[in-house]
Each structure stands twice: as C-alpha cells, then as structure tokens.
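Participant:
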Amino acid sequence: MDRLCERADVRSLLLIGVLALLPGAALAVPAGVAQARRLEAGKAALQKLRSDPRRRRYRDGWEAVLRTLDGAVKVAPHGARATEAALAAARARADLWEVSRSRTDARAALAAFRRVDEDYPGPVGAEALASAVRLAARAKETKERAALARRISERYPQDTIPPAAQPAPEEPASAPPEKASPAAPQRPAEASDGDEPEVDAEAAKAVEQIVEDAKARASARATDESDEEDTDEGPPEPEAPANPPSRSTPIVRAVKSAVAALTEPEDAPARAAKAREIRSTALGSGTSIASQLGLKVRRVVVDAGHGGRDTGAVGAHGVREKDLALAIAKKVAARLTALGFQVVMTRKGDAFLSLDERTRIANEAHADLFVSIHCNAARRRKLAGVETWTLNVASDRYAARLAAFENAEADRTVSDLRLILADLATKANATDARDLAQAVQSSLVRTLRSRVGPVRDHGVKQALFYVLLGTRMPSILVETGFISNPAEEARLRSARFQDGTAEAIARGVKDFVDSRRRLARAP
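The numbering used here applies: residue 688 is where the sequence shown begins, and numbers increase by one.
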C-alpha cells in the first residue's frame, strides 16, 4: 500500500514538472479566471457606487473601482473578457466625470475610450468611439469631438457605426427640395375629417430598420454579458424585407435627424436655436401640440421596464418586475396594433437596455406617444393599487423614492437632471402627457374593477423619471400594481389581470387620441 502511494506521489510530481515546462500552459486558465473574478467584482462595486448618492461623491470609491477594472484587463490583455473589462473601465471613467465635472477626468475617459478602439478594433472599438463622441459633446471638448467623428468615419464602414455616432445622411443631388428639419419634423394640420391614409409599408419598414439599428449597441453588450444574465430569449432578429428601403428615403432622413446633433459642424448651436424659435412660433403658448396642429397619433412606443441584468423589483415569492413588465407590454402592443396604431417595442425579450437607449429608440422612431410599463414596490407590503406618472420634479418623499429606484440605471446624476428640468416650464408636451396619463389611469381603474375586483386608485402623479426626460413626445410611466404586496403579486402573475391591464392601457391611449381629434375638429 505504501509503495502504491509513493508511486502516485511520484507520478503527480512528474506531471507537475511537465506542466511547469510548458510555457503558459498552467497559467492560461488561472489568468482567465482571475480576469473574470476581477471584472465581476469591479462591475458589482461600480453598480453599488452608482446607487449610493453619498459614496459616489468621494473619489476614493471611484479609484478603487478603476483599479479593479484596470487589473482585469492587465491580468489577461487577450483574455476572453478583456474587451468587456476595457470598455467597462472606460465607462467608469466617464461616470466619474459625470460626478466630478473635472476636465482632467473627461480627458482621461476619452483617452480610455480611444485605447479600447486601438487595442480591440471592430464592433467594440466602434462602440467605444461612439461613447467618446457623446462624452466629448457633453464635456464641450469640441476639437476632440470632431477628431473622434473623423476617426469613426475613417476606421469603420458606415454600416458598423453605432447610430448615435453616425453623421446625418447627405441629400442626393436629385432629391426634391423638401428636407427634414434638424429638429423633430412637425406635421401639417389636416383640414379634412376624412379617413387618414395608411402608413405605407416601405415607411414602416424603414422606421423598424432605424429602431433595430438603435438597438444594435445594446444587443452587442447583452451578448458580452451573457454569462452574467441568461438572455436566451433576447429580441428576435428583424426579418430582412424583400426590397429593403433606401436609407435616403424621407422617413429615414426624418428619423436620422434626431441623432445628427452629435456630429454636427460648429454652427449646430445656431441651428438648434433656430429650430427652437420655429417651434415656439408655431406652438404659441398654453395649448398642446396635438390640439394646435390637429395631429393624428399613429405610432406608439411601448417600453417594458428593466430587463437583462436589471431585474427591477422582486416580489415576496420571487416574481421579477422585468418579466411581468415584458408580459404586459407585449399584450399592450398587440391591443394597440388591433386598434390601428403602429407599435414599436423597446425590447421583445429579456435584454438589458439603458434608460438613454430606451428614449433614443422612441426619438429615432419618431413616435407620437411613449408608454413605459412597470410594477410598483414599497416597504409596506400592504400597499396596493395602480398609478400613472408623468415627468416633473418629485413632489413628495414617496415620489422621490420611487423615481430614485426607477432611475438606478441612469447615466446622469440627479443634480444634472434638475438643471435640465429648468426647461420643463416651456415643454409643450407636458399638457398632453398629463391628459394621456389621466385617460390611461381612468381606463385602468374602470376596467380592472369590472374584471378582477376592487382596485385602489392612486391617481396621476409626477416625478423625476429619467426614462421620460429625454423623450420628445407625450410620455407616461404606468405602475400596474405593487409586486411587494403578496396578494397583488399573485394578481400580476395571472393572465386575467394582465389581459385586463393591457386592454385598459390600450383603451386609455385610444380615448386620449379620440379626445384630441374631437378638439382638433372643434370650431
């Protein structure tokens, strides 16, 4: 027995010796494991830092996160997750600038994005340069912004450039004289009360093409993070049309105009000021866009809250908000389609989308309305009911706390948002958003009480929801029930409640649109 043990020990030592002689053979797996561990630790620390308003004000926390993410790159520069780690480190530096507003931090982040492109050219490099363009625009690094835009056009074909970094398509020489306005184009009032012409198939396909382009960055990132969250049910690939629409069609130019601002020439501020002047002259004061122009709502963006690694609230029995929101959103989309609306969903599967990406999809699709679907949560498990929200400064502690939870994935700080909200007093969509919210809330309460029983009506409220802030159309956020209440959690899971909720939201949208049409026809 002793001899057998001795032979086994000798064999083990010989095997270890052979492995030691093979260069890098024994180190490859540990380096990959170390990289994955450091990356996950850095991402977790970054997420925790982002969600803690007090800690993120101090630099030492950011520096610790950066050391961890940089270490993940250095331990295996060509490892399986090196590109993900490098991009995460660059984004963390951009987040640090959002807090510090230091030019040194901005330039460090821009340099980090450039290094990602140099070390990992391809889709990840293009994504890094697109992020750098956006950062340079916010940090007012004009020369760097122009240099980055040139670098993108030189290094990557047009088809590989993420939408936010693409320059606006140029007009062909033979194009008709009418051009899309740099701002979101206004549609003329329709004097006739007759039936509205159907949106032609080519225009619809073109819009879907632009929407899918806007999702490309999120889909690529979701693939990189697949081991962090199961995304087998990601958004399906769009079917290629038999005759793909030309990217120079008017509908594409109108949609693309929303993202052209990131790579406009130096006279962009003058153009933006002119667009604002035209809008204010056309709209006047005290009246909504829809009522003044007599617009007919055609396109609605339905946003299923959370998704991917962002689970949202979790109920007492483990039900996740992201799953319920997606299930209800799909049913809302189906009912709106049946009512004659063109519907665009921000996500059709369990994919992560940042709040910026959600609003960008809505803006680039040139939507008329934006409806975001969520489930509520509270510390008091007895709270139940439905409520509908519009954008405004949070008016009470409850509104502020709920907004802080829903804004957890936002890239900007609350202080930045409050600066932007100084312009809310003149936001022409505010009246329409309140009316839309009231129509949806009334429909929710009426329908659910008749179908499923007593439902508490929390009414229409206002808060600082980041997902509503960037939209250029009337936008609302619907809290379909309290997932933190065990009884309401069970309700939310039931097909009967989901069907009733979806029908109520769709009917509320239809009621709002009908009221606007009646108002437009009134003498």
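All C-beta atoms in this analysis are idealised placements derived from N, C-alpha and C, irrespective of residue type, glycine included.
1. According to DSSP, is residue 739 part of a helix, a strand, or is it coil?
2. Are the beta-carbon atoms belonging to residue 769 and residue 800 less than 8 Å from one another?
3. Measuring only the C-alpha atoms, how far is residue 1121 from residue 785?
4. For a test of the three-state rule: what should DSSP assign to residue 1192, helix, strand or coil?
5. Using DSSP's beta-bridge definition, name the partner residues of residue 787.
6. Given this structure, state the Cα-to-Cα distance separating residue 1176 from residue 1052, to the nearest angstrom.
7. Whose CA, out of 1014, 1028, 1025, 1023, lies closest to the CA of residue 1034?
8. From this set, 1149, 1162, 1184, which residue's C-alpha is nearest residue 1136's C-alpha?
9. Grab the span of the beta strand (DSSP E) containing residue 1172 for me, first residue to last.
10. Could you pull out every residue in the same chain whose Cβ sits closer than 7 Å to the Cβ of residue 987, ignoring the five residues on either side in sequence?
11. Would you tell me roughly how many angstroms separate the C-alpha atoms of residue 1036 and residue 994, rounded to the nearest one?
12. Within a Cβ cutoff of 7 Å, which residues of the same chain sit near residue 755, ignoring the five residues on either side of it in sequence?
13. Measuring CB to CB, does residue 1068 end up less than 8 Å from residue 1173?
14. Taking the beta strand (DSSP E) that residue 1146 belongs to, which residues open and close that run?
15. For residue 1033, which three-state DSSP category applies?
16. Nearest by alpha-carbon distance to residue 722: which of 1063, 1190, 763 is it?
17. Return the CA-CA distance between residue 1123 and residue 1198, expressed in angstroms with no decimal places.
18. Could you tell me which of 1149, 838, 1063, 1150 sits nearest to residue 1000, measuring between CA atoms?
19. The alpha helix (DSSP H) spanning residue 1050 covers which residue range?
20. Between 829, 1128, 1079, which has its C-alpha nearest residue 1166's C-alpha?
21. Buried or exposed: where does residue 1182 fall if 16 or more other Cβ atoms within 10 Å of its Cβ makes it buried?
22. Assuming the contact rule is C-beta atoms closer than 8 Å, residue 718 and residue 766 should be a hit. Round their C-beta distance to whole Å, please.
23. Can residue 1187 and residue 1138 be called in contact, C-beta distance under 8 Å?
24. Name the DSSP beta bridge partners of residue 1162, please?
25. Could you check the C-alpha separation between residue 1203 and residue 984 for me, to the nearest Å?
26. Let me know the secondary structure DSSP gives residue 1078 once reduced to three states.
27. Give me the Cβ distance between residue 1006 and residue 1180, rounded to the nearest whole Å; I'm assuming they're in contact under 8 Å.
28. Between which two residues does the beta strand (DSSP E) harbouring residue 991 extend?
29. Provide the residue span of the alpha helix (DSSP H) that contains residue 746, from first to last.
30. From residue 1032 to residue 990, what distance separates their C-alpha atoms?
31. Helix, strand or coil: which one does DSSP assign to residue 722?
32. So the alpha helix (DSSP H) residue 821 belongs to, where does it begin and stop?
33. Expressed to the nearest angstrom, what Euclidean distance is found between the alpha-carbon atoms of residue 757 and residue 773?
34. Please state whether DSSP places residue 842 in a helix, a strand or coil.
35. Ends of the alpha helix (DSSP H) at residue 1008?
Facilitator: In short:
1. coil
2. no
3. 31 Å
4. Taken through DSSP and simplified to helix, strand or coil, residue 1192 comes out as helix.
5. According to DSSP, which records beta bridges pairwise, residue 787 is partnered with nothing at all.
6. 33 Å
7. 1014
8. 1184
9. Premise fails: residue 1172 is in no beta strand (DSSP E) and is neither H nor E.
10. 1023, 1028, 1030, 1054, 1055, 1056, 1058, 1196
11. 8 Å
12. Contacts found: 725, 728, 729, 732.
13. yes
14. Residue 1146 -> beta strand (DSSP E) spans 1144-1150.
15. coil
16. Taking only the C-alpha atoms, the option nearest residue 722 is 763.
17. 9 Å
18. 1063
19. Following the DSSP letters along the chain, one finds residue 1050 inside the alpha helix (DSSP H) bounded by residues 1042-1051.
20. 1128
21. exposed
22. Contact flag correct, Cβ pair sits at about 6 Å.
23. yes
24. 1057
25. 9 Å
26. strand
27. That belief holds up - the Cβ atoms of residue 1006 and residue 1180 are roughly 6 Å apart, short of 8 Å.
28. 986-991
29. 746-762
30. Straight-line spacing of the CA atoms in residue 1032 and residue 990 works out to 6 Å.
31. helix
32. Counting along the chain, the unbroken alpha helix (DSSP H) around residue 821 starts and ends at 810-825.
33. 7 Å
34. helix
35. 1008-1025
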